[in-house]
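When the letters of the sequence shown are read in order and numbered with the working numbering, they come out as residues 3 to 341.
Every residue gets a Cβ at the ideal spot worked out from N, C-alpha and C, and that includes glycine.
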Amino acid sequence: MTKLKISVLDQSPIHDDKEPKSGLFDTIDLAKHCESLGYYRYWCAEHHDTPGYASSCPEIMVSSVANATSKIRVGSGGVMLNHYSSFKVAETFNMLTALHGNRIDLGIGRASGANFLAARALHNSQGDDYTLKAYELINFLDYKIPQNEYLYGVGLSPKNVDSTPVFLLGSSEGSSYLAGKLGAGFCLALFIGTHHRPIEIIEDYKRNFVPSANFKQPKPMLAVACICAESLEKAQEIASTHTYWKVQSFRHTHRDPLQSPKKVKELYETLSFEDKAYYHETLGSMILGTPKECKEKIEKLAKEYGVDEIVVVNVTYSFEDRKKSYELLAKEFNLNKGE
């Protein structure tokens, strides 16, 4: 049996009431730490005008993390392609691949990663057909623009750089189907929302997969929210920070900076019955517990969905709690033991 790979998705949270830009430096520090712990890849997220999150430019964080590390794969998780020119995104990641060898990934998504005003400010005049942009992006990277298309003949600089692997990040059948047809990797984001995603999403991806330059076989992955601590109670306490943030964000479209678990305990009492129900639903959708409990839950999911890689995301108030969570998980999975 192939050893399960464990990777990281970093949303660059702003920890410990520090100034916002500190979240960027914490991302670099955590990436170096996770490389030393044996994690397989490290992806950087994109959020615009979002209190609690520091990074709006994953391509810059990818460059910074790649410069600070030497072995771990580094990528975006993901570039919100609707906001940008597919050619410009292809150029950017072609440059990153040229500079850092073949350890760069390009994850893309169709969500806005922004509030209404930020999305409006980002919107460009070239339209927002995500399917078309994803198709163009991969063709640019693979030097396969069809002769009958108006962009035929345009190329990336520098030339003769190996194609950057593209992954589609999504939480629905639409994203999995598109990923399959494009011959891209697919990461099913189980950490978004609280509803169950059927295994058919991954099965549909595999069934519709068309081999491509970077993927001869389907490459499905899962992204999960996971906090590992010395006890389930401690993990739930740490997770309360992001759980409360999600209640405010998804039920009231109101986003504050991350609150400490102590403060959340007070704020929880002010929530309505419906908000408390969503709070516990959100908490229950995460993988929380001791290292042994988290490992068992992750392995169960991997087996159920038929994937050989799990991407772990967590958002905490304390940076040290976040580092400790990744340390405990790495030790339980023996990540530094190799294949």
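Please state the DSSP three-state secondary structure of A123.
At A123 the pLDDT is 45, less than 50, meaning the model places this residue with poor confidence; the figure from the coordinates comes in the next sentence. The answer is helix: DSSP assigns A123 an H, G or I state.
By DSSP, does C36 sit in helix, in strand, or in coil?
helix
Could you check what DSSP says for Y55 in three-state terms: helix, strand or coil?
strand
Suppose you measure from the CA of A186 to the CA of E268; what does that come to, to the nearest Å?
45 Å
On the premise that A47 lies in contact with G79, defined as a C-beta separation below 8 Å, what is that separation, rounded to the nearest angstrom?
5 Å
Would you call the segment 208-224 in contact with the segment 283-293, where contact means no fewer than 3 C-beta pairs closer than 8 Å?
no
For the alpha helix (DSSP H) containing I203, list its first residue and its last residue.
E202 to N210
Could you name the residues that DSSP lists as bridge partners for F193?
In the DSSP output, where bridge partners are listed per residue, F193 has none listed.
So, for I201: in the same chain, excluding its five sequence neighbours on each side, which residues have a beta-carbon less than 7 Å away from its beta-carbon?
E306 and Y307
Let me confirm a value: S177 is counted as buried when at least 16 other C-beta atoms fall within 10 Å, else exposed. Which label applies?
buried
Do you know offhand how far M82's Cα is from T52's?
14 Å
When the Cα atoms are used, what is the spatial distance from V156 to Y86?
17 Å
Separation of C36 from I289, as counted between CA atoms
19 Å
Please state whether DSSP places V91 in a helix, a strand or coil.
helix
Would DSSP call K305 helix, strand or coil?
helix
Going by other Cβ atoms of all chains shown within 10 Å of its Cβ, with 16 needed for buried, is D107 buried or exposed?
buried
Just how far apart, CA to CA, sit S72 and A92?
23 Å
Can you tell me the Cα-Cα spacing of A136 and L158, whole angstroms?
16 Å
How big is the Cα-Cα spacing for F335 and T4?
13 Å
Judging by CA-CA distance, which residue of D19, N96 and H282 is the nearest neighbour of E61?
N96
Answer yes or no: do I30 and P22 have a C-beta to C-beta separation smaller than 8 Å?
no
Every unbroken beta strand (DSSP E) inside the segment 250-333 [3 residues or more]
289-291 and 311-315
With the cut-off set at 8 Å, would you say A100 and P160 are in Cβ contact?
yes
Taking the C-alpha atoms as reference points, what is the distance between A231 and S14?
20 Å
Suppose the cutoff is 6 Å on Cβ atoms and the five residues either side in sequence are ignored; what does the same chain contact list for N338 look like?
G40
Contact set for V266: own chain, Cβ-Cβ below 8 Å, skip 5 residues either direction:
S242, T243, T245 and Y246
Among residues of its own chain, excluding the 5 on either side of A56, which ones have a beta-carbon nearer than 7 Å to its beta-carbon?
S14, I16, P22, K23, G25 and L26
To which residues does DSSP link L6 through a beta bridge?
L6 pairs with nothing; no bridge assigned.
If you drop the 5 nearest sequence neighbours on each side, which residues of the same chain put their C-beta closer than 8 Å to that of L184?
A136, Y137, I140, V168, L170, V212 and S214
What does the alpha-carbon distance come out to for the pair K325 and L32?
7 Å
For G103, tell me which candidate among L11, G77 and Y154 has the shortest Cα-Cα distance.
G77
Are the beta-carbon atoms of S165 and A191 separated by less than 8 Å?
no
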